Amino acid sequence: MNEPPDEFDWLNAFYRDLEGCEEDDELGVDVDASPVIQLVDQLLAELVSCEASSLHLLPQADGSVAARLRVSGVLVPSRHHPLASSLRLPLTARLKIVAHLDIAERQRPQRGLLRFGKRREPLRVTITPTRHGELLVLEFLRAGQAPETLAQLGLQPEDLALVQRGLRSSPGLVLACGPRGSGRRTFLWACLRALHGPRRAAMSLDYGSLQELEGVAQVELRRETGFDLADALRQQLHRDHDVLLLCQLDSLECTQLAVQAALDGHWVLARHNTSDAVASIFRLLDMGIEPCFVADSLRLVVACRLLRRLCAACREETTAEPDYERWCPGFLAAYPSAVHRRLCRPAGCEGCGGSGLKGVLPIFESLSLDANQRRLLAMSPYNQADSLRAGLRSLRASALLLAQQGLTSLDEVLGKTPGP
Ligand SMILES: [Zn+2]
Numbered sequence: 160m161n162e163p164p165d166e167f168d169w170l171n172a173f174y175r176d177l178e179g180c181e182e183d184d185e186l187g188v189d190v191d192a193s194p195v196i197q198l199v200d201q202l203l204a205e206l207v208s209c210e211a212s213s214l215h216l217l218p219q220a221d222g223s224v225a226a227r228l229r230v231s232g233v234l235v236p237s238r239h240h241p242l243a244s245s246l247r248l249p250l251t252a253r254l255k256i257v258a259h260l261d262i263a264e265r266q267r268p269q270r271g272l273l274r275f276g277k278r279r280e281p282l283r284v285t286i287t288p289t290r291h292g293e294l295l296v297l298e299f300l301r302a303g304q305a306p307e308t309l310a311q312l313g314l315q316p317e318d319l320a321l322v323q324r325g326l327r328s329s330p331g332l333v334l335a336c337g338p339r340g341s342g343r344r345t346f347l348w349a350c351l352r353a354l355h356g357p358r359r360a361a362m363s364l365d366y367g368s369l370q371e372l373e374g375v376a377q378v379e380l381r382r383e384t385g386f387d388l389a390d391a392l393r394q395q396l397h398r399d400h401d402v403l404l405l406c407q408l409d410s411l412e413c414t415q416l417a418v419q420a421a422l423d424g425h426w427v428l429a430r431h432n433t434s435d436a437v438a439s440i441f442r443l444l445d446m447g448i449e450p451c452f453v454a455d456s457l458r459l460v461v462a463c464r465l466l467r468r469l470c471a472a473c474r475e476e477t478t479a480e481p482d483y484e485r486w487c488p489g490f491l492a493a494y495p496s497a498v499h500r501r502l503c504r505p506a507g508c509e510g511c512g513g514s515g516l517k518g519v520l521p522i523f524e525s526l527s528l529d530a531n532q533r534r535l536l537a538m539s540p541y542n543q544a545d546s547l548r549a550g551l552r553s554l555r556a557s558a559l560l561l562a563q564q565g566l567t568s569l570d571e572v573l574g575k576t577p578g579p
């Protein structure tokens, strides 16, 4: 029986076939696949050792490839950055082979999966043609991962109590707001986990969610085929579900359907692209949802953010005097015990790859409407911003409290949370 051809042979054969073709000058490199295989292995090993979530290989104008890793939400150069121009095509070819993609296709985007080593978590390989060559992004898919519980998320005790109380009330709409990558989906899955049980039918409607929870029907939405949230919601609206977990409410129709489902007695958990909890309520009103429907359907709005954590080994104190009142008016009055200690900034050491940052810290701003707020919101919604904000610990205040403990930097606080 013939042995199947080695990947190495196939790669060399592929380049031999291309010899003499029009693009020979571009491909006219001495393709020895073995160093390329080693390089790919080294890049993948680095991805794991740095606890990076993704690897980006971006072709540059001079032919070289920028190799960067996303660590704690930030792109940092790989040890191998930049890669020589002679490596670009063999590297791309090698990654296409291991991700079972079409090695000859260079004009259209492609997407595949790559599994390596003992780690069984797959990497999603996305290839996008750009002006200077193909951009490759390898991203960990932590598929099949059970969602965290609310208690594991890192909510402050008062926020945790408020969220749990909100989820014990009658079914309605739960919104997680913030920009992409702020931890909204993780929060909603934790809510679903809290609501889920053998007596409740739950369904998620999302694009490529990686979480998995036994007993939850997971519907994969697909933009390519036009099967979007509005479509799926229309189909599922009158079915017998207790809990629906949705992706982002990005259109008026989706928002109307979600509110309608909540008013019909479903738990509806959805992401919202707004800056804070109160802004989410006004977004619903601005979209034309009747104030009484907003007041009746909304159970809980939680704004989420992920701040980068300072590396404890190398953080250093800043010399500047903190100016809490400018950053967050009323902060010192609300937190009189807030010490006037200096904040810390990132420095950089070997342990954090020189960035001064290591890991992330989630923060939350939780708003649950009481009966009085509900009544006022239904009557004169646009006068309620102050009453809704009263008693709410803002994202900015939560972030400053963490900065005071030396856990995050002022840049993170001011850059990631809405200011006055
Ligand atoms: Zn460090």
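The sequence shown begins at 160 in my numbering and counts up one residue at a time.
Quick reminder that beta carbons are idealized off the backbone N, C-alpha and C, glycines included.
Computed from a predicted structure; not experimentally measured.
Proximity test, residue i beta-carbon vs ligand 1 heavy atom, cut-off 6 Å
i    : result
G574 : no
A211 : no
G518 : no
G510 : yes
C503 : no
C350 : no
A417 : no
C413 : no
A472 : yes
Same chain, Cβ closer than 6 Å to residue i, five either side skipped, listed in chain order
i    : result
Q201 : none
R343 : A335, G337, R430 and C463
W426 : P330, L354 and V402
E571 : L466 and R467
D183 : Reliability of the predicted coordinates at D183 is poor, the pLDDT of 36 falling under 50, and the value obtained from them is presented with this limitation in mind. Around D183: no qualifying Cβ.
V257 : L273
E293 : T251 and I286
Residue i to residue j span [Cα, whole Å]
i    : j    : result
Q543 : S439 : 13 Å
P481 : L502 : 7 Å
A454 : R533 : 5 Å
R253 : E210 : 23 Å
E373 : T308 : 14 Å
E449 : Q394 : 23 Å
P579 : P488 : 7 Å
Q563 : R382 : 44 Å
C350 : S341 : 16 Å
R468 : R398 : 44 Å
S527 : Y541 : 18 Å
R548 : A436 : 9 Å
L411 : A417 : 10 Å
R267 : G367 : 21 Å
A204 : Q419 : 49 Å
D318 : S525 : 6 Å
D261 : S193 : 20 Å
A471 : L569 : 15 Å
T567 : P505 : 9 Å
V190 : R227 : In this prediction, V190 scores a pLDDT of 44, lower than 50, which makes its location untrustworthy; the coordinate-derived value is nonetheless stated afterwards. Cα-Cα distance, rounded: 23 Å.
M538 : G356 : 36 Å
Cβ-based neighbour list, residue i, same chain, cut-off 7 Å, excluding 5 preceding and 5 following
i    : result
S212 : R229, E298 and F299
L388 : L364, L380, L405, C406 and C413
A225 : L217, Q219, H240 and P241
L422 : F452, D455 and S456
G513 : G507
R500 : Q563
G232 : G340, L465, R467 and V519
L559 : Y483, W486, C487, F490 and V572
P281 : L272, L273, R274, L300 and A302
G565 : L469, R474 and C503
H291 : P218, Q219 and A220
R352 : P306, T308 and L372
P577 : S434, D435, L554 and R555
V195 : L246, P249, L250 and R253
Residue i CB to nearest heavy atom of ligand 3 below 6 Å
i    : result
A462 : For ligand 3, the structure offers nothing, since it holds only ligand 1.
7 Å Cβ cutoff, residue i in contact with chain C
i    : result
R339 : Absent from the structure: chain C. Only one protein chain is present.
Other residues of its chain near residue i: CB distance less than 8 Å, five sequence neighbours each side excluded
i    : result
Y494 : A556 and L560
key: alpha helix (DSSP H) segments (min. 4 residues) lying fully within the region 503-568   = 530-538, 544-548 and 554-563
task = Let me know the alpha helix (DSSP H) ranges lying completely inside the region 188-275, each 4 residues or longer, listed in chain order.
result = 192-208 and 244-257
inquiry  = Which complete beta strand (DSSP E) runs does the region 399-435 hold, if anything under 3 residues is left out?
reply    = 402-407 and 426-431
Ordered list of alpha helix (DSSP H) runs contained in the region 276-337, each at least 4 residues = 316-327
ask   = Residue ranges of each beta strand (DSSP E) run of no fewer than 3 residues wholly in the region 445-479, ordered along the chain?
value = 457-469
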